[in-house]
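Before any comments, here is the structure.
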Amino acid sequence: MKLIQILLLALWAGSHALAADGPAVVRVVPKDRGYELLRNGQPYFIMGVCGSSRLEELAVAGGNSIRTYGGGSGALDEAQRRGLTVLLGLSVGKPRQGFDYSNPERVAQQLEKARQDVLRFKDHPALLMWALGNESELDTSTTNRIRVWQAINAMAEMVKKVDGQHPAITVLAGIGGNKLRELDTYGPALDAVGINTYGGMMSLPDAVAKQGWKRPWLVTEFGPRGHWEVPKTAWGLPIEDSSTEKADLYLRAYRRAVTESPACLGSYVFLWGQKQEKTHTWYGMFLPEGNRLGAVDAMTMAWTGRWPANRCPQIGPGKIKVRLEGAPQDDTRHIFGPGARLRCTVEASDPENNPLTIKCDLRLDVADNPGRGGDREPSTPPVTDAVTSAKQHEALIQLPATEGNYRLFVYAFDPNGSAATANLPLQVKAPP
């Protein structure tokens with residue numbers, strides 16, 4: 000029943016959500032056993048993405064909102080043109096990055112900066128809600144975390160005084176450690192809470208209820224299993240799911256945690272675009288070149304109840320297999336000597352039986368980068384001349400002479416701008 004309501008809301012939002020030139024009035028109100036958003040008096044269920052690019056594709060896919068992590072009016076203006084709304088991020092300092100919440104002057108400066116941003120953007124017709132910080136509580140002490148909550152609550156009180164037309168939320172890095180109980184105590188001015196969750200999304204509604212949270216909530220990031228949630232290689236590096244496995248989780252998790260939870264106001268899927276975080280393919284729903292991946296198909300189905308006319312290629316359960324050139328069977332240890340030559344095969348197919356183009360590259364594996372919480376990470380270009388030949392679903396790989404950790408990436412492209420991808424960690428190590 001809730002899915003039908005969501006689809007009706009999507010149709011309404013596409014034609015009416017941004018009809019007015021002035022600011023929208025957005026309220027969180029009780030409904031049945033839960034809550035809902037009202038935008039200009041009409042129900043508004045969030046079907047959003049994290050990111051501010053490819054908004055025309057988002058509208059076609061059935062999405063209605065975007066989440067930004069700061070920035071200016073450009074995203075608001077572009078969203079307005081596309082009939083979308085914006086969850087606008089306001090900066091909140093992070094103790095793990097050196098922000099000192101025991102310094103009243105710095106806290107006051109942060110509050111004033113947020114006030115100026117609220118004054119600047121509060122009347123924009125695309126504005127939906129304010130997001131006060133993103134994972135600001137991550138990796139800090141209980142004392143600092145409570146100081147963060149108190150500063151965020153003061154910011155929420157300021158938003159109500161200066162704006163009053165748009166709800167204010169904060170965004171948590173998961174809800175472990177009884178964060179919701181703390182926030183319920185120290186954040187009474189918040190209208191709802193945003194939760195970033197990945198592999199744990201299937202159990203999120205139960206986890207929220209277990210902490211006694213009775214207020215509204217929304218999912219502010221979700222996506223594939225995180226790099227901290229997956230199995231690791233023998234040398235300790237995370238093993239990334241294929242784009243097809245990720246797409247399956249996107250859809251199942253959305254149906255379980257979002258559409259079946261009466262107190263959930265909607266969600267923002269991560270990431271409508273591409274970024275380097277452990278790898279260049281882990282969290283993006285597009286490749287760097289712009290090809291869409293299966294997660295876009297999954298969310299199109301989630302939002303509209305229909306698959307797109309042309310679906311992305313798929314990586315089969317066999318994914319990538321490698322063996323030493325000339326060896327009779329595949330290698331499962333994935334540890335090879337310097338300069339070894341490998342034969343690689345990939346299991347890929349296309350739902351419409353379109354011809355596929357398979358490409359490969361080898362890169363230094365930087366998935367052990369210590370960055371946390373979406374911190375910027377350096378990317379690595381493909382190793383020059385590592386792929387010596389490629390034909391259909393098979394390629395020959397020349398491993399470097401330098402020992403180290405590497406990652407073999409494969410990409411399957413159809414003729415229509417869609418793709419699938421998977422990767423395999425390899426270690427180059429001389430025998431003892």
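Residue numbers (numbering that gives the first Met the number 0): 0 to 431. Idealized CB from N, CA, C, for every residue including glycine.
Secondary structure of Phe-120, DSSP reduced to three states: One-based indexing of the sequence shown puts residue 120 at position 121. The answer is helix: DSSP assigns Phe-120 an H, G or I state.
Extent of the continuous alpha helix (DSSP H) run through Asn-143: Locating residue 143 in the sequence shown gives position 144, counting from the first residue. Where Asn-143 is concerned, the enclosing alpha helix (DSSP H) stretches over 141-161.
Nearest-angstrom Cα separation, counted from Ala-107 out to Lys-213: Residue 213 sits at position 214 when you count from the first residue of the sequence shown. Residue 107 sits at position 108 when you count from the first residue of the sequence shown. One C-alpha to the other measures close to 30 Å.
Leu-75 (DSSP reduced to helix, strand or coil): In the sequence shown, the residue the question calls residue 75 occupies position 76. In the structure shown, Leu-75 adopts helical secondary structure according to DSSP, grouped into three states.
Extent of the continuous beta strand (DSSP E) to which Met-46 belongs: To locate residue 46, count along the sequence shown from 1; it is residue 47. Run containing Met-46: 45-49, per the beta strand (DSSP E) assignment.
Same chain only: Cβ atoms within 6 Å of Leu-171, ignoring 5 sequence neighbours per side: Here residue 171 is taken as the residue at index 172 of the sequence shown, counted from 1. Counting only Cβ-Cβ distances below 6 Å, and skipping sequence neighbours, we find Lys-178 and Ile-194.
Gly-47 to Gly-62 span [Cα, whole Å]: Indexing the sequence shown from 1 puts residue 47 at position 48. Indexing the sequence shown from 1 puts residue 62 at position 63. For Gly-47 and Gly-62, the distance between alpha carbons rounds to 6 Å.
Three-state secondary structure (DSSP) of Leu-203: Counting from one through the sequence shown, the residue named residue 203 turns up at place 204. In this structure, Leu-203 counts as helix in the three-state DSSP scheme.
Beta-carbon contacts of Gly-50 that lie in its chain and below 7 Å, excluding the five residues immediately before and after: Taking the first residue of the sequence shown as 1, we reach residue 50 at position 51. Result list for Gly-50: Ile-65, Leu-270, Trp-271 and Gly-272, in chain order.
Burial state of Trp-227 (16 or more Cβ within 10 Å): For the purposes of this step, residue 227 is taken as the residue at position 228 of the sequence shown. Counting Cβ neighbours within 10 Å, Trp-227 comes out exposed, since fewer than 16 surround it.
Short CB-CB distance (under 9 Å) between Lys-112 and chain D: Considering every chain present, this structure includes no chain D. It has just one protein chain.
Alpha-carbon to alpha-carbon, Thr-420 and Asp-76: Along the sequence shown, one-based indexing puts residue 76 at 77. Along the sequence shown, one-based indexing puts residue 420 at 421. Near 33 Å, if we compare the C-alpha coordinates of Thr-420 and Asp-76.
Three or more C-beta pairs below 8 Å linking the region 309-328 and the region 344-354: Three or more Cβ pairs closer than 8 Å define a contact, and the region 309-328 meets that threshold against the region 344-354.
Test item: CB-CB of Val-229 and Gly-198 under 9 Å: On the sequence shown, residue 229 is found 230 positions in, with the first residue counted as 1. On the sequence shown, residue 198 is found 199 positions in, with the first residue counted as 1. Taking 9 Å as the cut-off, the beta carbon of Val-229 is found closer than this to the beta carbon of Gly-198.
Buried or exposed (CB count within 10 angstroms, at least 16 for buried), Asn-352: Your numbering for residue 352 matches position 353 in the sequence shown. Within 10 angstroms of the beta-carbon of Asn-352 lie fewer than 16 other beta-carbons, which makes it exposed.
Outcome for Ala-411 when other beta-carbon atoms lying within 10 angstroms are tallied against a minimum of 16: On the sequence shown, position 412 is the one that residue 411 refers to. By the neighbour-count rule (16 or more Cβ atoms within 10 Å), Ala-411 is buried.
Residue closest to Ser-72, alpha-carbon to alpha-carbon, out of Asp-122, Asn-102 and Lys-112: Along the sequence shown, read from residue 1 onward, the residue named residue 72 stands at position 73. That would be Asp-122, whose Cα lies nearest to the Cα of Ser-72.
Residue nearest to Asp-384 in terms of C-alpha spacing, selected from Asn-368, Gly-372 and Asp-360: Here residue 384 is taken as the residue at index 385 of the sequence shown, counted from 1. Closest in alpha carbon position to Asp-384, among Asn-368, Gly-372 and Asp-360, is Asp-360.
Span separating the alpha-carbon of Leu-110 from that of Phe-335: On the sequence shown, position 111 is the one that residue 110 refers to. On the sequence shown, position 336 is the one that residue 335 refers to. Cα to Cα, Leu-110 sits roughly 55 Å from Phe-335.
Three-state class that DSSP yields for Asn-404 in the structure shown: For the purposes of this step, residue 404 is taken as residue 405 along the sequence shown, with counting starting at 1. Annotated three-state conformation of Asn-404 is strand, per DSSP.
Tyr-34 - containing alpha helix (DSSP H), residue span: Here residue 34 refers to the residue found at position 35 when the sequence shown is read from its first residue. That residue, Tyr-34, is in no alpha helix (DSSP H); its beta strand (DSSP E) goes 33-38.
Separation of Pro-223 from Val-295, as counted between CA atoms: In the sequence shown, the residue the question calls residue 295 occupies position 296. In the sequence shown, the residue the question calls residue 223 occupies position 224. Rounded to the nearest angstrom, the two C-alpha atoms are 12 Å apart.
Through-space distance from Leu-355 to Pro-414, alpha-carbon basis: In the sequence shown, the residue the question calls residue 414 occupies position 415. In the sequence shown, the residue the question calls residue 355 occupies position 356. Those two C-alpha atoms are separated by around 7 Å.
Residues of its chain near Gly-161, where Cβ-Cβ distance is below 8 Å and the 5 sequence neighbours each way are ignored: As a working mapping, residue 161 is identified with position 162 in the sequence shown. It should be noted that the sequence gives Val, not Gly, for residue 161. Once the five neighbours on either side are set aside, the close Cβ partners of Val-161 are Arg-114, Val-117, Leu-118 and Lys-121.
Environment of Leu-425 [buried if 16+ CB atoms lie within 10 Å]: Stepping through the sequence shown from its first residue, residue 425 is reached at position 426. Leu-425 counts as buried, since no fewer than 16 other beta carbons sit within 10 angstroms of its beta carbon.
Assigned secondary structure, Val-28 (DSSP; H/G/I helix, E/B strand, else coil): Position 29 of the sequence shown, counted from the first residue, corresponds to residue 28. Three-state result, Val-28: strand.
Beta-carbon spacing of Arg-32, Ala-297 below 9 Å: Position 33 of the sequence shown, counted from the start, is the residue given in the question as residue 32. Position 298 of the sequence shown, counted from the start, is the residue given in the question as residue 297. Not a contact, by the Cβ cut-off of 9 Å.
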